[in-house]
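Here is the structure we will look at, set down as structure tokens.
Protein chains: 2
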Amino acid sequence: MQQSFMPEIAVCDCESIHEDVIAAVRGQMPEEDLMIDMAEAFRIFGDSTRVRILFALKAHEMCVCDISVLLGMTKSAVSHQLRILKQVNLVKHRKVGRVVYYSLADEHVETIFSACMEHVMEE
Amino acid sequence: MQQSFMPEIAVCDCESIHEDVIAAVRGQMPEEDLMIDMAEAFRIFGDSTRVRILFALKAHEMCVCDISVLLGMTKSAVSHQLRILKQVNLVKHRKVGRVVYYSLADEHVETIFSACMEHVMEE
DNA sequence: ATAATAGTTGAACAGTTGTTCAACTATTAA
DNA sequence: TTAATAGTTGAACAACTGTTCAACTATTAT
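Protein sequences appear in the order of chains A and B.
All residue numbers for the first sequence refer to the numbering used here, where the first residue is 59 and numbers rise by one.
All residue numbers for the second sequence refer to the numbering used here, where the first residue is 59 and numbers rise by one.
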């Protein structure tokens, strides 16, 4: 899904390459890992089910059952998505008896959402 | 890929539903369309090839061939991704002879990138 | 102990996504 | 006109993703 940064051969048969531009840009590119991490972070938000769950939890702590009713989805589907959100530390949970309550892990979500919501609005 | 918001039946067999919480949260949820648009916007950034292209163009206007050399990818692969970025108005292009120069369409990208880069760093 | 319930999990499935390949258009040069 | 080149495009393919289903664990109640 990515490539290292040396090829420069066989990948392009062009003759009108702007080598100076390429060299300059290469010097300004961030670490490859950073760009991969960024893409992965964005991908988490790139699903409307997860976005809906995060908006719901932004409003109030909820159990899996509540969320599944709110979103009109099975508990299983919701649980799978909660697991993904938990893996990247966007949500946390506490267990009371057999009920598991989920909530936002921190304010990161709100920050990112409001920053990007403006962008979406403008398009 | 989404659901409308009335089911409330058959989707959850729970008996320990917090109906008051669900009602309150439902009142605070944004428009369904907004959440879908947000997810779609995030999905664009959710691929490392596109992120790398955007970082490259942030540094300098480039032709397809330059980008393909820089990233070590075929012109075709790059062109396909540029088309996606063009569709959502993140990049623009100008044609000089048979060379097509791409550049960022506005400062949106930089705003979003810097806002979200912090988030990625912190994790 | 037994039954019921909240939630989780893995396999399976369909739908989507990114890259490759080959064929194509458009522009330039001979 | 013809050949060469920058870039685009659609089909095909493999890899990935989200939901469903059935089976499972853990907790509570009888």
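Yeah, the Cβ is synthetic: ideal placement off N, Cα and C, and Gly gets one too.
Nearest candidate by alpha-carbon position, reference residue i, set the options
i: residue 147 (chain A); options: A:167, A:156, A:137, A:106; result: A:167
i: residue 121 (chain B); options: A:80, A:174, A:163; result: A:80
i: residue 107 (chain A); options: A:87, A:77, A:140; result: A:140
i: residue 174 (chain A); options: B:77, B:97, B:83, B:123; result: B:97
i: residue 77 (chain B); options: A:172, A:113, A:126, A:170; result: A:126
i: residue 153 (chain B); options: B:145, B:104, B:119, B:95; result: B:119
i: residue 95 (chain B); options: A:99, A:95, A:84, A:104; result: A:104
i: residue 72 (chain B); options: A:124, A:82, A:100, A:71; result: A:124
i: residue 170 (chain B); options: A:109, A:100, A:110, A:155; result: A:100
Cβ of residue i within 8 Å of any chain A Cβ
i: residue 97 (chain B); result: yes
i: residue 183 (chain B); result: In the structure displayed, chain B extends from 59 to 181; residue 183 (chain B) sits before or after that span and is not available.
i: residue 158 (chain B); result: no
Where the alpha helix (DSSP H) through residue i begins and ends
i: residue 79 (chain A); result: 77–86
i: residue 110 (chain B); result: 106–117
Residue-chain proximity (residue i, chain B), Cβ-Cβ < 8 Å
i: residue 134 (chain A); result: no
i: residue 86 (chain A); result: yes
i: residue 151 (chain A); result: no
i: residue 189 (chain A); result: Here chain A covers residues 59 to 181 and nothing more, so residue 189 (chain A) does not appear.
i: residue 226 (chain A); result: Residue 226 (chain A) lies beyond the stretch modelled for chain A, which goes from 59 to 181, so this question has no answer here.
i: residue 138 (chain A); result: no
i: residue 72 (chain A); result: yes
i: residue 79 (chain A); result: yes
i: residue 154 (chain A); result: no
i: residue 109 (chain A); result: yes
i: residue 60 (chain A); result: A caution first: residue 60 (chain A) carries a pLDDT of 33, below 50, which makes its placement in the model unreliable, though a value can still be read off. It does: the Cβ of residue 60 (chain A) has a partner Cβ on chain B nearer than 8 Å.
i: residue 65 (chain A); result: Here the model assigns residue 65 (chain A) a pLDDT of 36, short of 50, so the residue's position is not dependable, and the following value carries that caveat. Residue 65 (chain A) counts as touching chain B.
Contact under 8 Å by Cβ, residue i with residue j
i: residue 128 (chain B); j: residue 149 (chain B); result: no
i: residue 102 (chain A); j: residue 75 (chain A); result: no
i: residue 112 (chain A); j: residue 160 (chain A); result: no
i: residue 117 (chain A); j: residue 86 (chain B); result: yes
Residue range of the unbroken beta strand (DSSP E) whose run includes residue i
i: residue 158 (chain B); result: 157–162
i: residue 149 (chain A); result: 149–154
| message | With a threshold of 8 Å, are at least 3 pairs of Cβ atoms found where one atom belongs to the region 130–149 of chain B and the other to the region 89–102 of chain A? | response | With a cut-off of 8 Å, the region 89–102 of chain A and the region 130–149 of chain B do not count as touching, because too few Cβ pairs lie within range.
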